[in-house]
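Listed in order, the protein sequences are those of chains A and B. Numbered as in the working numbering, the first sequence ends at 114 without a single skipped number. Numbered as in the working numbering, the second sequence ends at 1117 without a single skipped number. Note that CB positions come from ideal geometry on N, CA and C, so glycine has one too. See structure below.
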Amino acid sequence: AQSVTQPDIHITVSEGASLELRCNYSYGATPYLFWYVQSPGQGLQLLLKYFSGDTLVQGIKGFEAEFKRSQSSFNLRKPSVHWSDAAEYFCAVGAVDSSYKLIFGSGTRLLVRP
Amino acid sequence: EAGVTQFPSHSVIEKGQTVTLRCDPISGHDNLYWYRRVMGKEIKFLLHFVKESKQDESGMPNNRFLAERTGGTYSTLKVQPAELEDSGVYFCASSPPRAGWGNTEAFFGQGTRLTVV
């Protein structure tokens, strides 16, 4: 069965430092990949998505992600973290047998030190 | 434009009771989805409506869960009777007609946190 792994449950970074959140997915010849963020009291918001083409995808709020087929990874990065980035981040893949069903990872909670 | 709205934001009920969660999708969105996150684990798909029709309910855990979308507008998810393992956060999402991976995204609500004690 398809799955998404986010190996880090929590990550703490200092404000201004760079960030990388890891995501690995299981099979899918051409995966549809997503990163969502949930800030406190908010719904899940789409940060970026990858369907095809350039493997480096730019998203909102200064985030980017790189698709690496050889590593089955879709890591999320940001060069300089702001305190407002503290939230929970979810990686997701589109189910191969569906055009609408998302399969999520278990999330990574980001804490930002002042 | 209003986003996806879920009611209530929190609910605490006793085991054996009934709870009804409501989702108001974005106006004009034919597609409505329910997801659930249990115990800090991954968010899992429950079901998908297209207008008032259930297209896919493969993720519904058992027959204690009943989802409806009368009139193709808002949707309710009823849990009856609730069990301890039903505790979690229930998310609703919606997307426009004829949505697919390449042309749109699903917009999520803030979720309903259900606690069964």
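Only residues of its own chain outside the window of five on either side were considered, and among them Q45, L47, A87, Y89 have a CB closer than 6 Å to the CB of V37 of chain A, listed in chain order. Between the beta-carbon of L76 of chain A and that of L21 of chain A there is about 4 Å, and that keeps the pair under the 8 Å contact cut.
Distance from the CA atom of V96 of chain A to the CA atom of E1014 of chain B, rounded to whole angstroms, is 38 Å. The alpha-carbon of L1046 of chain B is positioned some 31 Å away from that of S70 of chain A. In the structure shown, E1052 of chain B adopts coil according to DSSP, grouped into three states. Distance from G1088 of chain B to R1037 of chain B at the Cβ level is roughly 5 Å; contact confirmed, criterion being Cβ atoms closer than 8 Å. Neighbours of F104 of chain A across chain B, judged by C-beta separation under 9 Å: Y1035, R1037, E1042, I1043, K1044, F1045. Under the 10 Å beta carbon count, L111 of chain A is surrounded by fewer than 16 other beta carbons and is classified as exposed.
For I1026 of chain B, no beta strand (DSSP E) run applies, since DSSP gives it neither H nor E.
In the three-state scheme derived from DSSP, where H, G and I count as helix and E and B as strand, R69 of chain A is classed as helix. In this structure, Y1035 of chain B sits away from K1041 of chain B, with a CB-CB distance that is not shorter than 8 Å.
Residue range 10-14 is occupied by the beta strand (DSSP E) that includes H10 of chain A.
At a cut-off of 8 Å between beta carbons, L44 of chain A contacts chain B. Remark: three or more beta-carbon pairs, one from each stretch, lie closer than 8 Å, so the region 1015-1029 of chain B and the region 1073-1093 of chain B are flagged as touching. Bridge partners of T5 of chain A according to DSSP: A:N24. With respect to the C-alpha of A1082 of chain B, the residue from B:T1112, B:V1117, B:E1052 having the closest C-alpha is B:V1117.
Shown here, K1041 of chain B sits in coil according to DSSP, grouped into three states, outside any helix or strand.
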